[in-house]
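Read through the structure below, which is laid out as structure tokens, and then see the notes.
Residue numbers (this note's numbering), protein chains in the order written: chain C, 1 to 302; chain S, 1001 to 1354; chain F, 2001 to 2264.
Listed below in structure tokens is the structure:
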């Protein structure tokens, strides 16, 4: 530490260099982390980003970005967004009801801790095993499908259901979406103070009025934020979709997968733009999640 | 009939009684505190008046109407919670106007009433702020205004000051009392802090283990505790064991030191051992004109407590505290000095047989 | 109140049905290798398959290396930031959360593009490819690890602890291994098991970098060709996930598990 007042008194004042030195010293300790993150996170992302704005000769172009707006690619984005939206909405609502039942529903606490633990497992039980479990259950020759057809005479596939399509994918994704919702919304529900309900009640409000004026508005940022997180969670899903449909559904992740395996777009740079587009969607989603979460934390602070 | 009555109120959780045989009449405009250690049933009793708990026995009336089993939102009582419990999604004015809005009063009336309340709690500058932007003391004032905006018949305060800093606690407590007097509202105040209860109340209900120990004015509670529990819980106390020398004269012996009480010791025999208690401020240094208990003692230590000086005395073999006001001309003995202190006959309280 | 409770049980039972029917039916399926009788033959075949053991060991090894590399990278970084450079904390936090924004499929796409040629052609050798896989997993694990380590260090007030140790004459090595790390045990364990749970079944990155060598793609491959053994593998994989998550619960609440998002 330099003693500035002494320096000024003696008449030779330097604009203080210690600050700079201290700052670079601060960075020195995190250098390994930064280098690693740059190499294996920054560089790959950045390369895709650059590649998305280059033609095959390496010149700058916007053609790839325009290319994203061709029907086949747009439809891939559209299907991905629709599935993500559906699973976020349904998983969000059902997850909220389940979390509500666990936190405020008056069930024994062991039920609650057992289901919370299970949610931790189920939200990580995804990908190939999950898809296969649903194929064994609801696939064309799945046990439940056969059971319903043979014994109850309900032929799901005759009635237009297919596990390998939009709704099948949605039902399967819900297996990790619902528990994830339970995990992220539970702290918000726990943050709802009992006194708010009592204060509203003693001021004359019915339980319905309490939820309308206080409960739901207070939970809204967390609810929206959690659903956005769910949206992002299913937006990037690859393994589950591939395994369930064998790659026959037109999702952005599946398209990128095929592009990596064998340039199905016949334009590597278009592939980079495609991947970059995903990052943009994810970045918007996660920023919204982050902002909403900050807001709800401010309200629910204990 | 009193304005608020609680008759034979009891509350049972399984086998245990949280509140038992609770009888209390509160007059209109009266400020009554429930004082006691945690778990004594004071909050449960308050919550039964609010309607959050239903009594397992007894009756509660307000202004003659039986409200024992009414839902909280049908009672028209106001409540201030320990943790403020302001709605985080509403501004100060929305919080205060909440109850009126629920009652579907016209917007203009709501606005007027909210402004009136804001003036009452001196938060004119903060009307559009949100709870998280306010300090604890400000939040609790808003909470008070919210409870009062509905013109409740009874105001319930559940340890409203215990989450606040010491300084704010004192200033807000006199503010609450002033507002209560201005509006002439009937109030019940739950606290575990005896100083708070003594300073703010018209009457205090001291509770222990679900039962009322004593009901009385702060003066009565402090000076004439009826039970050992009240004597111990309210104020600080020196206690000792003494042997009865003469029950008729109220004479006691304590390690060879003679003490007298004002009362006759009815039903006790010479030689019986009793617990006695003397408040520290009832002692003073002996001077000639005092015709009271005068005892020899040794000064063991002296502690300054600000406005009060606490002197640690050894009387016989028992340690006593003596509190005396601190003023510049105060002549204090030195540690180790032998001196004499005095206290009136009425200062010696008998708490029961040892 | 009563109505509330009935609704609670309704949702809980509905969810339990949804969660357990696929698992139970998959289990039932896995027992049906032989016609007309239940047997564990599919499990026997799974365990006898050399690919199973080999891929399981490979993924476990990758997982363990990933954990050590992650911890070696993250603990000193978070510690340093808390101790010496609190001002750059938002930067580190931001970088640590970035992988949430970059789906695994995009990450592996970028990694292949960067490291299949150029200055660091890692994908040309087995060792290089395996390292790239580890690196990808380290990156994917950033958010969980950062959070649980950061929360762990926040809970024990590392600054004061360090100063106390220093004033007692401890050197940096002692501080790190005798003071800081032992106090982070719960955080480290929960992050470790979560990472293992994720790495063991990971499919997206593994399939493009190492293929059938690792457990996720192997499981997929088996399911494509042999349904009964596939279903047995699904059950085994679920049990593995259960085991790791159970361990997290055992060592205390999983600090990093709340926003969990595994391999999709």
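Every residue gets a Cβ at the ideal spot worked out from N, C-alpha and C, and that includes glycine.
Note to self: Run through chain C and tell me which residues come within less than 9 Å of residue 1013/S, C-beta to C-beta.
What the structure shows: What residue 1013/S touches in chain C: nothing, since even the nearest Cβ is about 16 Å away.
Quick check: residue 79/C and residue 250/C, are their CB atoms within less than 8 Å of each other? yes
What are the start and end residues of each continuous beta strand (DSSP E) run of 3 or more residues lying completely inside the segment 1111-1194 of chain S, in chain order?
1154-1158 and 1186-1191
Measure the alpha-carbon distance for residue 2226/F versus residue 147/C and round it to whole angstroms. 22 Å
(Q) Within the continuous beta strand (DSSP E) that includes residue 1322/S, where are the two ends? (A) 1318-1325
Given residue 2058/F, which residues of its chain have a CB within under 6 Å of its CB, disregarding the five upstream and five downstream residues?
2213 and 2214
Using a 10 Å radius around the Cβ and a threshold of 16 neighbouring Cβ atoms, would you call residue 1069/S buried or exposed? exposed
message: For residue 224/C and residue 1190/S, I'd like the C-alpha separation in whole angstroms.
response: 40 Å
| Taking Cβ positions only, does residue 2022/F come closer than 8 Å to chain C? | yes
- Message: I want to verify the contact list: residues of chain S whose CB lies under 7 Å from the CB of residue 377/C, in sequence order.
- Response: This structure cannot speak to residue 377/C, because chain C is shown only from 1 to 302.
field: chain S contact residues for residue 205/C, given Cβ-Cβ distances below 9 Å
entry: 1073, 1098, 1099 and 1102
(message) residue 1243/S and residue 1271/S - do their beta-carbons sit closer together than 8 Å?
(response) yes
Taking the C-alpha atoms as reference points, what is the distance between residue 120/C and residue 1149/S?
-> 46 Å
Taking only three categories from DSSP, how would you classify residue 1005/S?
strand
- prompt: Quick one: what's got a C-beta closer than 6 Å to residue 1294/S's C-beta in the same chain, skipping five residues either side?
  reply: 1286, 1340 and 1342
- Residue of 1166/S, 1320/S, 1197/S and 1224/S minimising C-alpha distance to residue 1036/S: 1197/S
Does the separation of the CB atoms of residue 236/C and residue 181/C fall below 8 Å? no
From residue 1128/S to residue 1329/S, what distance separates their C-alpha atoms?
53 Å
Under a Cβ-count criterion, where at least 16 other Cβ atoms within 10 Å of its own Cβ denotes burial, should residue 44/C be classed as buried or exposed? buried
Should residue 1001/S be labelled buried (16 or more other beta-carbon atoms within 10 Å of its own) or exposed?
-> exposed
- Query: DSSP state of residue 1298/S, grouped into three classes?
  - Reply: strand
Exercise. Shorter than 8 Å from the beta carbon of residue 54/C to some beta carbon of chain F?
Worked result: no
### Task
Quick one: grab the DSSP three-state call for residue 2150/F.
helix
- Under a CB-based cut-off of 8 Å, is residue 108/C close to chain S? no
* residue 2209/F versus residue 274/C - alpha carbon distance -> 20 Å
**Asked** What do you get for residue 2271/F, buried or exposed, if any count of 16 or more other CB atoms within 10 angstroms of its CB means buried?
**Response** Because chain F is modelled from 2001 through 2264, residue 2271/F falls outside the range shown and cannot be assessed.
Between residue 72/C and chain F, is any beta-carbon pair separated by less than 8 Å? no
Quiz item: Just the Cα atoms here: how many angstroms apart are residue 1045/S and residue 1080/S?
Solution: 15 Å
Any idea which residues DSSP pairs residue 1260/S with across the strands? 1251/S
Q) Which residues in the same chain as residue 155/C place their Cβ atom closer than 7 Å to its Cβ, once the five residues preceding and following it in sequence are excluded? A) 149
Review point. Should residue 2110/F be flagged as near chain C, meaning a C-beta pair shorter than 8 Å?
Key: yes
Practice task
Spatial neighbours of residue 2052/F within its chain, please: CB distance less than 6 Å, with the 5 preceding and 5 following residues excluded, ordered by chain position.
Solution key: 2046
If I follow the unbroken beta strand (DSSP E) through residue 1245/S, where does it start and stop? 1238-1246
Across the segment 176-194 of chain C and the segment 95-102 of chain C, are there enough close Cβ pairs to call them in contact, namely three or more that are closer than 8 Å?
yes
- prompt: For residue 1042/S, which three-state DSSP category applies?
  reply: helix
Q) Based on the DSSP output, what are the partners of residue 241/C in its beta bridges? A) DSSP lists no partner for residue 241/C.
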